[in-house]
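Undergrad:
Protein chains: 4
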Amino acid sequence: MSLASTFESLAVELAEIARLCYARGWALGTSGNFSAVVQRQPLRLAITSSGLDKGLLEAGHIVEIDEHGRVMQGEGKPSAEATLHLAIVRSRGAGAVLHTHSIWSTILSDAVTDATGGLPIEGYEMSKGLDGVRTHERREWLPVVENTQDWTAAAPRIETKLREHPEVHGFLIRRHGLYTWGTDLAAAKRQLEILEFLFEAMGRKRGIQWQA
Amino acid sequence: MSLASTFESLAVELAEIARLCYARGWALGTSGNFSAVVQRQPLRLAITSSGLDKGLLEAGHIVEIDEHGRVMQGEGKPSAEATLHLAIVRSRGAGAVLHTHSIWSTILSDAVTDATGGLPIEGYEMSKGLDGVRTHERREWLPVVENTQDWTAAAPRIETKLREHPEVHGFLIRRHGLYTWGTDLAAAKRQLEILEFLFEAMGRKRGIQWQA
Amino acid sequence: MSLASTFESLAVELAEIARLCYARGWALGTSGNFSAVVQRQPLRLAITSSGLDKGLLEAGHIVEIDEHGRVMQGEGKPSAEATLHLAIVRSRGAGAVLHTHSIWSTILSDAVTDATGGLPIEGYEMSKGLDGVRTHERREWLPVVENTQDWTAAAPRIETKLREHPEVHGFLIRRHGLYTWGTDLAAAKRQLEILEFLFEAMGRKRGIQWQA
Amino acid sequence: MSLASTFESLAVELAEIARLCYARGWALGTSGNFSAVVQRQPLRLAITSSGLDKGLLEAGHIVEIDEHGRVMQGEGKPSAEATLHLAIVRSRGAGAVLHTHSIWSTILSDAVTDATGGLPIEGYEMSKGLDGVRTHERREWLPVVENTQDWTAAAPRIETKLREHPEVHGFLIRRHGLYTWGTDLAAAKRQLEILEFLFEAMGRKRGIQWQA
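Protein chains in written order, with this note's numbering: chain Z, 9 to 220; chain C, 9 to 220; chain B, 9 to 220; chain V, 9 to 220.
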């Protein structure tokens with residue numbers, strides 16, 4: 009497939025996944041951003057433009073950026089968080105990156121963290137759907153990073169953290185939602201659904217009273 | 009665009025947003041009302057008629073009113089709360105006003121208020137989607153006003169409060185829901201989604217137990 | 009309109025409302041039943057057959073019964089609770105009766121009752137959508153009756169209670185859901201939505217912790 | 009109907025029920041699996057392939073297996089849990105088996121169990137929709153079995169437990185979801201909806217505070 013047609017077909021898929029996330033309440037307002045790798049040498053990323061209603065997103069709202077975040081194709085302005093997408097693609101070899109902003113990821117990122125400042129997830133069968141996980145006995149852990157408005161400064165620190173923790177399947181930004189990824193969009197979407205399921209299960213479980 | 013066609017196209021958009029809010033559970037029964045400015049000099053407002061099922065709302069159920077709330081075009085009776093819509097348009101220069109009646113806005117308006125009688129919202133990235141907000145560190149605050157059945161008497165007090173607090177993005181009526189607005193319907197809808205997200209996140213967060 | 013065509017058009021509307029309630033989770037499995045008056049002298053009621061999946065209900069699944077619950081038209085067997093529908097139509101002059109079985113009505117019927125054995129609802133603007141209510145200051149009260157498998161024996165007691173309390177807009181059966189009604193199906197549907205909203209708001213409110 | 013056409017029509021129904029469960033959040037990621045008996049002598053089961061997105065499932069993703077779990081028809085690999093489906097069909101004479109992985113079944117399987125290690129359900133009218141139940145006074149009980157990654161070893165123990173408890177309508181795997189069944193797919197789907205309703209009602213009820 010030519011690069012142009014790769015970009016165009018990824019743009020269609022990204023718009024579809026953006027509308028799906030909006031419909032589930034994971035990308036309300038103008039929140040959330042989504043990307044997929046068009047090519048690696050040199051790096052080209054198809055990514056949602058900033059400031060748009062994800063429920064109305066069309067393929068024409070996707071732009072192609074280079075490794076410095078410069079727009080190479082399409083109309084629009086990528087989010088300041090495009091630097092995070094690039095950092096994840098570089099440090100993980102990911103083919104697709106999804107950032108959602110759900111109720112449960114917002115709540116858990118703010119409150120349910122362990123001494124290391126991360127969110128532990130343990131014992132759930134659902135975690136077997138995460139990339140490379142083969143048993144529910146595996147202990148998952150998601151780093152929680154502080155929110156900022158200066159992603160250019162923060163992205164290198166996050167890239168370092170991701171290289172130090174090759175086992176993590178995503179990370180949370182405090183009161184700001186989730187970043188996860190996959191080898192392609194289908195794998196990233198599966199991992200997103202699984203993490204959101206786990207957040208909801210863990211959040212709701214804390215809401216119930218154990219005394220019968 | 010002529011005034012007549014402006015009214016007609018706004019009526020189509022208002023009916024659409026009413027059905028969307030109904031589908032989300034934000035305008036059940038006959039609750040909720042929605043308006044948009046047709047022209048400013050003299051003021052003309054397109055607004056939903058009172059007493060209708062929002063899930064079945066069509067453009068023909070929208071009326072045009074003048075600054076005194078008198079029907080200038082269309083069949084139907086505007087809600088008594090039309091005076092609030094007019095007060096918001098005057099004091100804020102808003103182009104569209106949305107009043108919804110969701111579960112979470114009803115609960116939070118009743119219970120989670122600070123010493124000043126308002127609802128504080130702080131530290132959430134999502135608040136950056138509110139008009140003019142550039143950082144999650146901004147402290148939002150929504151006034152909570154008492155419910156009444158005499159909006160003609162109450163509207164001037166609310167209009168005064170809105171002029172005194174130019175920074176607020178909406179207000180709650182106790183056990184009665186939310187009013188928010190925007191320069192146009194798309195901006196008002198975005199602000200509505202963001203506030204509803206924040207209400208749900210804050211309400212659910214209070215429902216969970218922090219001990220792991 | 010002839011009686012035959014009245015029955016047929018009511019059957020279409022009843023099937024539609026049954027599918028809507030199913031989609032909202034208010035009539036899962038084979039729960040819920042729905043009726044509307046075809047004529048009053050002698051009484052004829054169009055009512056859903058028993059034991060069917062409400063998500064698949066069609067007009068052909070509605071039967072017409074007389075005042076003794078005997079099938080006069082259509083194929084199928086009315087629920088044993090048809091006696092309750094008849095009792096409500098007689099004691100209230102209702103034109104339509106809706107019985108739903110939602111999560112929140114099930115929970116509240118079991119737990120949140122006052123000294124009189126009923127569910128008090130007070131101060132919610134949404135209650136203004138209930139038939140004849142003009143202010144949120146009105147105190148609503150829903151009787152909670154014990155569940156039974158012998159509705160033939162229980163219906164007269166409920167009919168008496170409804171005559172003694174002409175102000176109530178519905179009643180709950182413990183751990184079994186809601187009965188409400190209206191002059192016609194549209195009015196009954198509106199009242200149903202309002203009561204379900206109030207149940208959910210009251211239930212969720214009890215789930216949150218008031219300390220900020 | 010010939011066996012081939014039985015398999016094909018069951019495959020269409022199984023794909024439909026898989027997509028429905030996905031849409032309800034009961035089979036996210038690649039979780040969940042669903043089967044129906046094609047014939048009993050010798051046993052042939054139509055069952056969903058492993059590792060697929062249930063939201064995109066089509067009839068072509070269903071395979072036919074024999075009593076040893078070997079694929080007899082269709083392309084794909086059945087889940088390791090196919091041995092559980094076979095154990096249920098043998099011990100219960102079920103015509104269809106549904107395994108879902110919902111939020112509430114995950115939470116309740118982990119936390120709300122009695123001294124016998126099972127989940128008691130009592131007093132709910134909704135339980136009358138379970139196969140053979142005629143009164144809400146019946147006490148239901150669902151065994152909770154420990155999760156494992158070795159279903160070949162675990163299936164015989166579960167089959168024994170099901171033979172010892174002919175009254176149970178399903179079982180939970182800890183932090184892994186629900187298995188239920190029925191004489192055919194429609195009956196199994198009804199029982200699934202009823203159990204999920206009961207889990208949600210019981211879970212939410214524990215989340216509310218009884219003090220008014």
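Glycine included, every Cβ here is placed at the ideal spot set by N, Cα and C.
For residue 167(V), which residues in the same chain have their Cβ closer than 7 Å to its Cβ, ignoring the five residues on either side in sequence?
TA: Closer than 7 Å at Cβ, skipping near neighbours: 95, 98, 99.
Undergrad: With a threshold of 16 other CB atoms inside 10 Å of the CB of residue 219(V), please say whether the residue is buried or exposed.
TA: Below a pLDDT of 50, predicted positions are generally treated as unreliable, and residue 219(V), at 41, falls in that range; the measurement from the model is reported next regardless. Result: exposed.
Undergrad: Between which two residues does the beta strand (DSSP E) containing residue 107(C) stretch?
TA: Note, residue 107(C): beta strand (DSSP E), 104-108.
Undergrad: If you reduce the DSSP assignment to three classes, tell me which class residue 164(C) lands in.
TA: Residue 164(C): helix per DSSP, three-state reduction.
Undergrad: Shortest alpha-carbon distance to residue 75(Z) belongs to which of 55(Z), 59(Z), 65(Z)?
TA: Of the candidates 55(Z), 59(Z), 65(Z), the one whose C-alpha sits nearest the C-alpha of residue 75(Z) is 55(Z).
Undergrad: Please list, in chain order, the residues of the segment 126-138 of chain C that have any C-beta partner in chain B closer than 7 Å.
TA: If the cut-off is 7 Å between Cβ atoms, the segment 126-138 of chain C has nothing near chain B.
Undergrad: Is the beta carbon of residue 196(C) less than 8 Å from the beta carbon of residue 79(C)?
TA: Cβ distance not < 8 Å, so residue 196(C) and residue 79(C) don't count as in contact.
Undergrad: So for residue 218(B), helix, strand or coil by DSSP?
TA: Legend: pLDDT at residue 218(B) = 47, less than 50; position of this residue unreliable, value from coordinates given subsequently. Reduced to three states, the DSSP call for residue 218(B) is coil.
Undergrad: Alpha carbon to alpha carbon, how far is residue 32(V) from residue 27(B)?
TA: Approximately 16 Å between the Cα atoms of the pair.
Undergrad: Who are the near neighbours of residue 206(C) in its chain, counting only those whose CB is closer than 7 Å to its CB and skipping five residues on each side?
TA: So the list reads 129, 132, 134, 135, once near-sequence residues are dropped.
Undergrad: For a contact defined as C-beta to C-beta under 9 Å, what are the partners of residue 36(V) on chain Z?
TA: Here the neighbours are 134, 137, 198, 201, 202, 204, 205.
Undergrad: Does residue 119(C) get closer than 8 Å to chain B when you measure Cβ to Cβ?
TA: By this cut-off, residue 119(C) is an interface position.
Undergrad: Straight-line CA distance for residue 40(C) to residue 39(Z)?
TA: Cα to Cα, the separation comes out at about 25 Å.
Undergrad: Using three-state DSSP, classify residue 205(V) as helix, strand or coil.
TA: Helix.
Undergrad: So is residue 147(C) buried or exposed if we call it buried at 16+ other beta carbons inside 10 Å?
TA: By the 10 Å Cβ count, residue 147(C) comes out exposed.
Undergrad: For residue 153(C), which three-state DSSP category applies?
TA: Strand at residue 153(C).
Undergrad: When you compare the CB positions of residue 19(V) and residue 109(V), do they come within less than 8 Å of one another, or not?
TA: No.
Undergrad: Could you have a look at residue 52(B) and say whether DSSP puts it in helix, strand or coil?
TA: Strand at residue 52(B).
Undergrad: One question on the structure: do residue 184(V) and residue 87(V) come within less than 8 Å of each other, judged by their Cβ atoms?
TA: No; because the gap between Cβ atoms is not below 8 Å, this pair is not in contact.
Undergrad: Mind checking the segment 147-172 of chain B against chain C and listing, in chain order, the residues whose C-beta falls within less than 7 Å of any C-beta there?
TA: Of all residues in the segment 147-172 of chain B, none has a Cβ within less than 7 Å of some Cβ in chain C.
Undergrad: Since residue 199(B) contacts residue 191(B) with CB under 8 Å, what's their CB separation in whole angstroms?
TA: Actually they are not in contact, since the Cβ atoms of residue 199(B) and residue 191(B) sit about 10 Å apart, beyond 8 Å.
Undergrad: Terminal residues of the continuous alpha helix (DSSP H) containing residue 114(Z)?
TA: Unbroken alpha helix (DSSP H) run through residue 114(Z): 111-119.
Undergrad: With C-beta atoms as the reference, is residue 213(B) less than 8 Å away from residue 209(C)?
TA: No, they are not a contact pair.
Undergrad: Straight-line CA distance for residue 177(C) to residue 53(Z)?
TA: When rounded, the distance between both Cα atoms is 36 Å.
Undergrad: Applying a beta-carbon distance threshold of less than 8 Å, which residues of chain C neighbour residue 215(B)?
TA: Correct list: 215.
Undergrad: Which residues in chain B have a C-beta closer than 7 Å to the C-beta of residue 39(C)? List them in chain order.
TA: Those are 134, 137, listed as they occur along chain B.
Undergrad: Taking Cβ positions only, does residue 143(B) come closer than 8 Å to chain C?
TA: At least one chain C Cβ lies under 8 Å of residue 143(B).
Undergrad: Would you check if the distance between the CB atom of residue 93(B) and the CB atom of residue 23(B) is smaller than 8 Å?
TA: Cβ distance not < 8 Å, so residue 93(B) and residue 23(B) don't count as in contact.
Undergrad: From 48(V), 61(V), 160(V), pick the residue whose C-alpha is nearest to that of residue 14(V); which is it?
TA: Ranking 48(V), 61(V), 160(V) by Cα distance to residue 14(V) puts 48(V) first.
Undergrad: Using a beta-carbon distance below 8 Å, is residue 27(B) in contact with chain C?
TA: Output row for residue 27(B): interface = no.
Undergrad: Considering just the uninterrupted stretch of the alpha helix (DSSP H) at residue 94(B), what are its terminal residues?
TA: It spans 90-100 - the alpha helix (DSSP H) in which residue 94(B) sits, taken as one unbroken run.
Undergrad: Output the distance between the C-alpha atoms of residue 170(C) and residue 154(C), rounded to the nearest integer angstrom.
TA: Rounded to whole angstroms, residue 170(C) to residue 154(C) spans 15 Å at the Cα level.
Undergrad: Against residue 19(C), what residues of chain Z qualify as contacts under a CB-to-CB distance less than 7 Å, listed in chain order?
TA: Result: empty, since nearest Cβ-Cβ is about 20 Å, beyond 7 Å.
Undergrad: Please check if any C-beta of chain Z sits within less than 8 Å of the C-beta of residue 107(V).
TA: False, the Cβ-Cβ gap to chain Z never drops below 8 Å.
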